[in-house]
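In what follows, a structure is listed as structure tokens, so that the remarks can point back to it.
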Amino acid sequence: MTEPLHSLTIAQASSLLEAREVSPVELTEACLARIRSLDEQLDAFVTVTAEHALGRARIAEAQIMRGEWRGPLHGMPFGLKDVFETAGIRTTAHSKILIDHVPTRSATAARKLEDAGAVLLGKLATHEFASGGPSLDLPWPPARNPWDTACFTGGSSSGAGAAVAAGFIPFALGTDTGGSIRIPAALCGLAGIKPTYGRVSRYGVIPNSYTFDHCGPLAWTVEDCAIVLQAISGHDPLDPASARRPVPDFRAALTGDIRGLRIGLPAEWWEREAPAAAVTMKAMEAAIEVFRGLGAQIGVVRLRSRQQYNDVRSVISRSELLNIYDADLRQRPNDFSADFIGRNLAACMFTAADIVRAQRERRRMLDELKPLYEQFDVLLTPAGTPAPRLDSLLGGGFADKWENPNFYATFNLTGAPAMVVCNGYTDTGLPLAMQIAGRPFDEATVLRAGHAYEQATSWRSRRPVLLPGGHKSALLQASPFAAAGKIEPAVQQLLEASLQRAGYRLTEAQLRMVERVAPFVLAAAQRLPRDQQRGDEPAAVFRFPDD
10 MTEPLHSLTI AQASSLLEAR EVSPVELTEA CLARIRSLDE QLDAFVTVTA
60 EHALGRARIA EAQIMRGEWR GPLHGMPFGL KDVFETAGIR TTAHSKILID
110 HVPTRSATAA RKLEDAGAVL LGKLATHEFA SGGPSLDLPW PPARNPWDTA
160 CFTGGSSSGA GAAVAAGFIP FALGTDTGGS IRIPAALCGL AGIKPTYGRV
210 SRYGVIPNSY TFDHCGPLAW TVEDCAIVLQ AISGHDPLDP ASARRPVPDF
260 RAALTGDIRG LRIGLPAEWW EREAPAAAVT MKAMEAAIEV FRGLGAQIGV
310 VRLRSRQQYN DVRSVISRSE LLNIYDADLR QRPNDFSADF IGRNLAACMF
360 TAADIVRAQR ERRRMLDELK PLYEQFDVLL TPAGTPAPRL DSLLGGGFAD
410 KWENPNFYAT FNLTGAPAMV VCNGYTDTGL PLAMQIAGRP FDEATVLRAG
460 HAYEQATSWR SRRPVLLPGG HKSALLQASP FAAAGKIEPA VQQLLEASLQ
510 RAGYRLTEAQ LRMVERVAPF VLAAAQRLPR DQQRGDEPAA VFRFPDD
């Protein structure tokens, strides 16, 4: 073995564990030592469960020595975004609201990993309740990017991205409501997959949006993601959205052969709607040539604008978020971060008609995609820009989420699987990435395409360099939360009336922050189409369960 333990992939480490060339205790101790030595530079962990991990590792070691090998995750260290509930282990959602919350149950996905013999090393930083953005007014600092500690990790599975990229853990579980697995995977140079809605149970995961929340893995390679996805997939009667679909052998799908694979490019998204940066375009063009060289067939596909998909998703998801945290927002608003308040509370201006209209339009959007699923096997897009400086996002960048839709949220709305894969680096060494999206419940093809690309390129040989005793890069002075500027009196009156009706009593400073977002909220609602026919049903309809 020439690789240090902390840089082994799951596939590599599991072979050594099965052959008893490395023990689970040895691997766990190596990961814990690296966390102790380096996490003060990254703030990836909220809670490190060292004693719990070593106890689980000793059990796994004894089982393996007795010949009771459970599979590739047996004895494998991992981390959980701190929204996955864990029995007897604090689960905070990175919020003062849950700072002392110790669940009595574990999320189904966490329990499945435990059943597979995996070793939990701790709970990972996120954004507050997997919403908002990086904030300095929370109980724990925001995670830093291992490629450059002055830079953002992406969110909201921010600690997961940082911890895997830094070699603290071979993999982590994150959640994704509008890109929250794929964004940190992209910015931290990882593979990360949002599976089909219903493929992985959401039970025991602190919610952001019932309609759009997904759970999935972040890891160093596509193969590692396939291994983890295999373990956590399957029907769960505790999750009302859980799908009764057979789970294929994801790892067996990684043949390296994508000859004849039909790849669709929604090129208008990054060429006309919002032109991508030159470095992103160059990486995409090179990746397309790699796929073409592997025998894939490339074609252009026309989709709605990213803005249209984002408007529908935002109306539904933000309304659900406010409903979920309504009691706390009314009773203890000052215990939320300024970013959470500023980013989300203006959504109380949405009306019932807006929400139903958005659900009906979502149904149309889903129907529109059916012919495309027959025409193309996967869709390929960029995964956004390289990691920005963290301080550029502090102090009130929350309006950008409404004004500048990303490449990810469309596939939360469709519920289809989407994966991020590293496809290069900038001149300064920051990762670049692309997104591969597939048909519902066809994760196998998405994984096959991503794995073939990884095998044909050399990007996985490059790791961030972190040295013990190093320090976090200094951040510039964070901008203060600015006032909204001029806001139309009618908009201000509507906002204040909506806040009063919801029972949200804000300070003057909080109100000024919410005012910044109010015009974007109204614009999203006004852009929703109003030409729906009497028989157009919403995407959310009641059905009796199969059993």
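Under the working numbering, the first residue of the sequence shown carries the number 10, and numbering increases by one thereafter. Note that beta-carbon positions come from the ideal geometry of N, C-alpha and C, so glycine has one too.
Pick helix, strand or coil for Met-374, following the three-state DSSP scheme. helix
Lys-203 in three-state terms, based on DSSP: strand
N-terminal and C-terminal residue of the alpha helix (DSSP H) that Lys-121 is part of: 117-124
Start and end residues, alpha helix (DSSP H) containing His-61: 59-74
Does DSSP put Leu-196 in a helix, in a strand, or in coil? helix
On the DSSP bridge assignment, give the partners of His-223 in chain order. Asp-185
Check for me: the alpha helix (DSSP H) holding Tyr-318 runs from which residue to which? 315-333
Using CA atoms only, rank isn't needed, just tell me which of Ala-59, Ala-195, Ala-533 and Pro-380 is closest to Asp-320. Ala-533
Among Arg-271, Gly-131 and Arg-29, which residue has its Cα nearest to the Cα of Arg-457? Arg-271
Mapping DSSP to helix, strand and coil, what is Phe-87? strand
Ile-364 in three-state terms, based on DSSP: helix
Note down the Cα distance separating Phe-93 from Pro-112, rounded to an integer number of angstroms. 10 Å
Less than 8 Å between the CB atoms is what I'm expecting for Gly-183 and Lys-90, so what's the real figure, rounded? 5 Å
Report the rounded CA-to-CA distance for Leu-36 versus Thr-437, giving the unit in angstroms. 32 Å
Out of curiosity, what's the CA-to-CA distance linking Gln-368 and Gly-207? 18 Å
Neighbourhood of Leu-531 by C-beta, 8 Å cutoff - its chain only, sequence neighbours within 5 removed: Met-358, Val-500 and Leu-503
Exposed or buried, what is Ser-189 when buried is set at 16 or more other beta-carbons lying within 10 Å of its beta-carbon? buried
Just to confirm before moving on: does the CB-CB distance between Ala-5 and Ile-241 stay below 8 Å? With the chain covering 10 to 556 only, the question about residue 5 has no answer from this structure.
If distances are taken between C-alpha atoms only, which option among Ser-32, Arg-43 and Thr-135 comes closest to Leu-475? Arg-43
Using the three-state DSSP reduction, which class does Val-209 fall into: helix, strand or coil? strand
On the three-pair Cβ rule with 8 Å, is the region 419-435 touching the region 159-179? no
Out of Gln-384, Asn-415, Thr-289 and Arg-373, state which residue places its alpha-carbon closest to the alpha-carbon of Val-309. Gln-384
Within this structure, are the beta carbons of Leu-130 and Val-34 separated by less than 8 Å? no
Nearest-angstrom Cβ-Cβ length linking Thr-394 and Phe-416, presumed shorter than 8 Å: Not really, about 10 Å apart at Cβ, beyond 8 Å.
Unbroken stretches of the alpha helix (DSSP H), 4 residues or longer, contained in the region 416-474: 418-423 and 452-465
Spatial neighbours of Asp-363 within its chain, please: CB distance less than 6 Å, with the 5 preceding and 5 following residues excluded, ordered by chain position. Val-324 and Ala-534
Taking three-plus beta-carbon pairs below 8 Å as touching, is the region 344-361 in contact with the region 132-148? yes
On a CA-only basis, which of Glu-60, Pro-226 and Thr-466 is nearest Ile-98? Give me that one, please. Glu-60
Just the C-alpha distance for Gln-444 and Val-429, rounded to the nearest angstrom, thanks. 4 Å
For Leu-36, report the span of its alpha helix (DSSP H) as first-last. 33-51
If we ignore side chains and look at the alpha-carbon of each, how far apart do Tyr-513 and Pro-342 end up? 8 Å
Of the listed residues Gly-88, Phe-180 and Pro-426, nearest to Ile-590 (C-alpha basis): Any answer about residue 590 is impossible in this case: the structure gives the chain only from 10 up to 556.
Determine, using beta-carbon pairs with one atom in the region 219-238 and one in the region 199-206, whether at least three such pairs fall under 8 Å. yes
Can you check DSSP and say which residues form a bridge with Arg-271? Gln-306
Among the candidates Gln-50, Met-85, Gly-80 and Pro-477, whose CA atom is the shortest distance from the CA of Arg-67? Met-85
Going by beta carbon distance, what residues of the same chain come within less than 8 Å of Ile-108, once the five residues before and after it are set aside? Thr-101 and Pro-148
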